[in-house]
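First residue of the sequence shown? That's 89 in the working numbering, and the numbers climb one at a time after it.
Even glycine gets a Cβ: it sits at the ideal position worked out from N, Cα and C.
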Amino acid sequence: MERVPFSRCEEINGLPGPSDMALETRSAFGGDRLIIATQERRSHDPEDEYLDEGAIKFVPLDGRNRHQVLSFEFSGRDEYPFHPEALDLLVQGGSHYLFVLNHARVAQHAVEVFRIEKSSLVFMGRYRHRFIEYPSDIVGIGLDEFYVLNHRSSSALEHYGVSTLLLGSGSLVYYREGTYYRVLGNLDSPEGLALSPDQSRLWISIGDDGELLALERGSGPELRPLARISVSGYPARLSFVGDDRLLVASVPSTWAWSSHASDSAEKAPSRILEVDALQGRSSVAYQDPGNEISGATVAISQGNRIYLGQKYDSFILICNQ
């Protein structure tokens with residue numbers, strides 16, 4: 089694999105399994121910071137439950153604590169298991185809120201919402217429903233409104249049944265004011281979900297199809313298909329850069345990625361794509377055979393800086409473009 093590097097990448101350690109990140113600007117801590125969902129994913133009990141609790145960490149990007157790994161404390165949350173998979177940041181009415189997908193147990197998943205304070209997360213509510221099956225990503229629209237992307241059905245029979253028809257069992261769920269809607273189905277291993285800055289469009293990465301799906305939001309649960317863009321590799325998380333460009337973490341080799349998930353000594357290549365959402369064109373922004381980071385699954389940007397994370401090791405990269 090030809091290497092396409094960023095310049096001056098710094099490794100920030102002490103972050104087990106940093107599967108998702110959000111950039112909080114003008115935080116209560118002072119300055120900007122990364123908020124990161126962390127979970128050690130290689131250790132399981134005989135029932136395949138995680139052995140270690142997950143956590144939400146933050147990394148200040150300036151000031152005297154610059155690039156230090158710090159932990160949020162929960163306020164008002166009970167002892168329900170916490171294993172975060174994905175998160176999203178919402179700014180509303182001058183306050184900052186965090187939506188977290190919690191794989192509490194193998195067959196028990198929830199959305200949890202927190203108000204973000206200086207160094208604490210104030211628990212505001214938990215959402216559980218049969219439509220939240222095996223979630224992979226979340227987007228918060230308002231305090232009582234969000235989308236959840238299911239990677240697959242929670243029913244093994246349904247999952248393998250639709251697979252024989254060359255269809256997927258993934259779905260998109262919309263929640264608003266007490267009502268859940270399954271708004272899309274038969275998605276083939278969807279991984280990532282992103283909302284345009286004006287909240288008018290949703291983008292979904294469809295892993296096994298190697299595609300990005302664009303949808304126009306209507307009123308309530310209504311969605312209208314806009315476009316499909318083919319990309320190389322297995323697209324995972326995606327994030328907006330401005331109004332019409334996307335950063336897509338796309339795994340070049342799912343076989344190598346799976347091997348790395350089992351054994352940290354097995355390296356997996358990484359690729360970050362920059363996608364023009366209007367023209368449907370993509371280019372390689374970063375590519376690495378696994379020397380710097382193995383199987384990067386999330387990339388977000390701020391100015392000329394890029395932040396890269398993955399699901400199985402204990403660090404993120406902060407790079408300059």
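- For the set Val-372, Ser-352 and Ala-353, the Cα lying nearest the Cα of Arg-359 is the one of Val-372.
- A straight-line Cα-Cα distance of about 28 Å links His-197 and Leu-334.
- With respect to the C-alpha of Arg-325, the residue from Asp-225, Lys-206 and Asp-296 having the closest C-alpha is Asp-225.
- With respect to the 7 Å criterion, Thr-342 and Tyr-322 are classified as neighbours on the basis of their beta carbons.
- Arg-289 sits buried, since 16 or more C-beta atoms from the chains shown fall within 10 Å of its C-beta.
- In the displayed model, His-171 falls within coil according to three-state DSSP, outside both helix and strand.
- Distance from Tyr-263 to Val-271 at the Cβ level is roughly 10 Å; contact not present, criterion being Cβ atoms closer than 8 Å.
- Ranked by Cα distance from Ile-388, the first of Phe-328, Ser-350, Gly-280 and Pro-377 is Phe-328.
- Distance from the CA atom of Ser-259 to the CA atom of Tyr-269, rounded to whole angstroms, is 10 Å.
- Leaving aside the five residues that flank Asn-101 on each side, the residues in its chain whose CB is nearer than 8 Å to its CB run, in chain order, Val-157, Ser-402 and Phe-403.
- Looking only at Leu-303, Phe-219, Glu-362 and Tyr-215, the smallest Cα-Cα distance to Asp-232 is reached by Tyr-215.
- The beta-bridge partner set that DSSP reports for Leu-281 consists of Ile-292.
- Sixteen is the threshold: when 16 or more other Cβ atoms of the shown chains lie within 10 Å of the Cβ of Asn-190, as they do, the residue is buried.
- Taking Asp-136 as the centre and dropping the five residues before and after it, the same chain places the C-beta of Val-194 closer than 7 Å to its C-beta, in chain order.
- Ranked by Cα distance from Gly-397, the first of Cys-97, Arg-91, Glu-90 and Met-89 is Cys-97.
- According to the DSSP secondary-structure assignment, Thr-267 is paired through a beta bridge with Arg-264.
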